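Oh and the first sequence: position 114 is 115 in the working numbering, straight run, nothing missing.
All C-beta atoms, glycine included, are put in the ideal place defined by N, C-alpha and C.
All of these numbers come straight from a predicted model, not from anything done at the bench.
One structure below.
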Amino acid sequence: MPISTLARLTKLAPLPRSFYSRDPRLVARELLGKLLIRRGGPRPASCAEWGEGEDAGAECENGEYGEPSLLAGRIVEAEAYLGVTDPGAHAYCGLTARNAVLFGPPGHAYVYFIYGNHYCTNVNCQPAGDAGCVLLRALEPVCGFRSMAALRGIRGFASDGALRPVQLRQLTSGPGRLSQALGITRERDNAKDLCSPSSDLYIAGDGSPVPEISATPRINVTRAPCDEWRFVIPGNPFVSGPRTARALK
DNA sequence: GAGATGATCTTA
DNA sequence: AAGATCATCTCC
2 MPISTLARLT KLAPLPRSFY SRDPRLVARE LLGKLLIRRG GPRPASCAEW GEGEDAGAEC
62 ENGEYGEPSL LAGRIVEAEA YLGVTDPGAH AYCGLTARNA VLFGPPGHAY VYFIYGNHYC
122 TNVNCQPAGD AGCVLLRALE PVCGFRSMAA LRGIRGFASD GALRPVQLRQ LTSGPGRLSQ
182 ALGITRERDN AKDLCSPSSD LYIAGDGSPV PEISATPRIN VTRAPCDEWR FVIPGNPFVS
242 GPRTARALK
């Protein structure tokens, strides 16, 4: 990645609130190919263990003392959840303390803790009162590989911290993984306005071409199995789920 | 690569 | 008790 990429990424504006104020199935489709961006986060303690070498994302770790200045990944998999009418959605049971963000205005982050181990990151959709949202399920890392690996607790195989293809995929392939890779937690990010220019977490388009899109049933949603509201960029190796050795290359 | 299992939070 | 998950372990 050229040095200019970071400069370009830092200038991208967050998607407007009107983007999210629509049917989550439409929002989920159109989020594919967009960039999820974390900027200015604190340097994770584990970064201190990393050497001085370069890796694929090193150009973005150019803050003072090597502090990561920007983490970014391209959205390659997302799922739509409707509001109180969707048996698979958290909003199905109505307003609770946990899901209150879903009933508020669009463009805000809904982050929840799942299975006692992981965070999942969603964007609230539709006008206030309608509880639809989109779950971000996988990213293709674009910027900040080394910091993501540190946040994920993944060590590269070489002295310079370079990542194997398998390790690269482990950074952000899955809703819990991508949340950890960008340092997203409920405490830090739930209810955050992703449309604010001052937000340290937001989604932006970078003018790249609209990708091919496939629809499938949602993952691990047993209460409403008859849907096709999971959207992926077919063939992208960062889409979650089992990979063949061939696909990993 | 595939299948089983544990972690241990939140809600019903 | 089950869940919008993942790492680790086992045996291919």
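Quiz prompt | Nearest-angstrom beta carbon gap, residue 83 and residue 10 [assumed within contact, 8 Å] | solution = Along the first sequence, read from residue 1 onward, the residue named residue 10 stands at position 9. Along the first sequence, read from residue 1 onward, the residue named residue 83 stands at position 82. With a Cβ gap of about 32 Å, residue 10 and residue 83 do not count as contacting.
Quiz item: Looking at C-beta atoms only, is the number of pairs between the stretch 180–197 and the stretch 106–114 that lie closer than 8 Å three or more?
Solution: yes
Practice problem: Alpha carbon to alpha carbon, how far is residue 166 from residue 236? Give it in angstroms, no decimals. | Solution: Start at 1 with the first residue of the first sequence, and residue 236 comes out as number 235. Start at 1 with the first residue of the first sequence, and residue 166 comes out as number 165. Spanning the two alpha carbons is a distance of roughly 15 Å.
Exercise. To the nearest angstrom, report how far apart residue 232 and residue 137 are at their CA atoms.
Key: In the first sequence, counting from the first residue as 1, residue 232 sits at position 231. In the first sequence, counting from the first residue as 1, residue 137 sits at position 136. Roughly 10 Å between the two C-alpha positions.
Quiz item: So, using beta-carbon positions, are residue 1 and residue 184 closer together than 8 Å?
Solution: With the chain represented from 2 up to 250, any question about residue 1 goes unanswered, as that position is not in the structure.
Quiz item: Residues in its own chain within less than 6 Å of residue 22 by CB, not counting five upstream and five downstream?
Solution: The residue given as residue 22 occupies position 21 in the first sequence. Closer than 6 Å at the Cβ level, and outside the excluded window around residue 22, lie 107, 128.
Quiz item: In terms of residue numbering, what span does the alpha helix (DSSP H) encompassing residue 180 cover?
Solution: As a working mapping, residue 180 is identified with position 179 in the first sequence. Taken as a continuous stretch (DSSP letters only), the alpha helix (DSSP H) holding residue 180 covers 176–182.
Quiz item: What whole-angstrom Cβ distance do residue 126 and residue 133 have, given they're in contact under 8 Å?
Solution: In the first sequence, the residue the question calls residue 126 occupies position 125. In the first sequence, the residue the question calls residue 133 occupies position 132. Going by Cβ atoms, the distance from residue 126 to residue 133 rounds to 4 Å, so yes, they are a contact pair.
Exercise. Grab the span of the alpha helix (DSSP H) containing residue 150 for me, first residue to last.
Key: Within the first sequence, residue 150 is the residue found at index 149, counting from 1. That run of the alpha helix (DSSP H) goes 146–153.
Quiz item: Using the beta-carbon count (16 or more within 10 Å), is residue 200 buried or exposed?
Solution: Within the first sequence, numbered from 1, the residue matching residue 200 stands at position 199. Counting Cβ neighbours within 10 Å, residue 200 comes out buried, since at least 16 surround it.
Practice problem: Write down the C-beta distance between residue 76 and residue 140 rounded to the nearest angstrom, noting that I regard them as a contact closer than 8 Å. | Solution: Here residue 76 refers to the residue found at position 75 of the first sequence. Here residue 140 refers to the residue found at position 139 of the first sequence. Confirmed, about 6 Å.
Exercise. Compute the distance between the beta-carbons of residue 89 and residue 224, then report whether it is under 8 Å.
Key: Sequence index remark: in the first sequence, residue 89 carries index 88 (1-based). Sequence index remark: in the first sequence, residue 224 carries index 223 (1-based). Contact flag set, yes.
Self-check item: Residue closest to residue 32, alpha-carbon to alpha-carbon, out of 105, 214, 145
Solution: Against the first sequence, residue 32 aligns to sequence position 31. The candidate whose alpha carbon is nearest that of residue 32 is 214.
Quiz prompt | Of the listed residues 123, 78, 178, nearest to residue 150 (C-alpha basis) | solution = Sequence index remark: in the first sequence, residue 150 carries index 149 (1-based). Among 123, 78, 178, the Cα nearest to that of residue 150 belongs to 178.
Exercise. Figure out for me which residue from 135, 240, 219 has the closest Cα to the Cα of residue 103.
Key: For this step, residue 103 is matched to residue 102 along the first sequence. Residue 103 has its Cα closest to that of 135, out of 135, 240, 219.
Quiz item: What is the DSSP secondary structure of residue 81, counted as helix, strand or coil?
Solution: Along the first sequence, one-based indexing puts residue 81 at 80. Three-state result, residue 81: strand.
Self-check item: Continuous alpha helix (DSSP H) stretch holding residue 19: start and end
Solution: Here residue 19 corresponds to residue number 18 of the first sequence, with the count starting at 1. Run containing residue 19: 18–21, per the alpha helix (DSSP H) assignment.
Quiz item: Quick one: Cα of residue 226 to Cα of residue 211, how far?
Solution: Translated into the one-based positions of the first sequence, residue 226 becomes position 225. Translated into the one-based positions of the first sequence, residue 211 becomes position 210. Answer to the nearest angstrom: the Cα atoms are 28 Å apart.
Self-check item: Residues near residue 205 by beta carbon distance below 7 Å, same chain, minus five either side
Solution: What you label residue 205 is simply residue 204 of the first sequence in a count that begins at 1. Once the five neighbours on either side are set aside, the close Cβ partners of residue 205 are 13, 14, 15, 16, 35, 36, 38.
Practice problem: Give the single residue among 148, 239, 230, 240 whose Cα lies nearest to the Cα of residue 28. | Solution: Here residue 28 corresponds to residue number 27 of the first sequence, with the count starting at 1. The shortest Cα separation from residue 28 among 148, 239, 230, 240 belongs to 230.
Quiz prompt | Spatial neighbours of residue 92 in its chain, beta-carbon cut-off 6 Å, leaving aside the 5 residues before and after | solution = Stepping through the first sequence from its first residue, residue 92 is reached at position 91. Answer for residue 92: 84, 85, 100, 103, 132, listed in chain order.
Quiz item: Quick one: what's got a C-beta closer than 6 Å to residue 234's C-beta in the same chain, skipping five residues either side?
Solution: Mapped onto the first sequence, residue 234 falls at position 233. Closer than 6 Å at the Cβ level, and outside the excluded window around residue 234, lie 33, 77, 212.
Practice problem: Evaluate residue 80 with the Cβ neighbour count: other Cβ atoms within 10 Å of its Cβ, from every protein chain shown; 16 or more gives buried, anything less gives exposed. | Solution: Looking up residue 80 in the first sequence gives position 79. Counting Cβ neighbours within 10 Å, residue 80 comes out buried, since at least 16 surround it.
Quiz item: Taking just the CA atoms, how far does residue 97 sit from residue 152?
Solution: Within the first sequence, residue 152 is the residue found at index 151, counting from 1. Within the first sequence, residue 97 is the residue found at index 96, counting from 1. Going by the C-alpha atoms only, they are around 30 Å apart.
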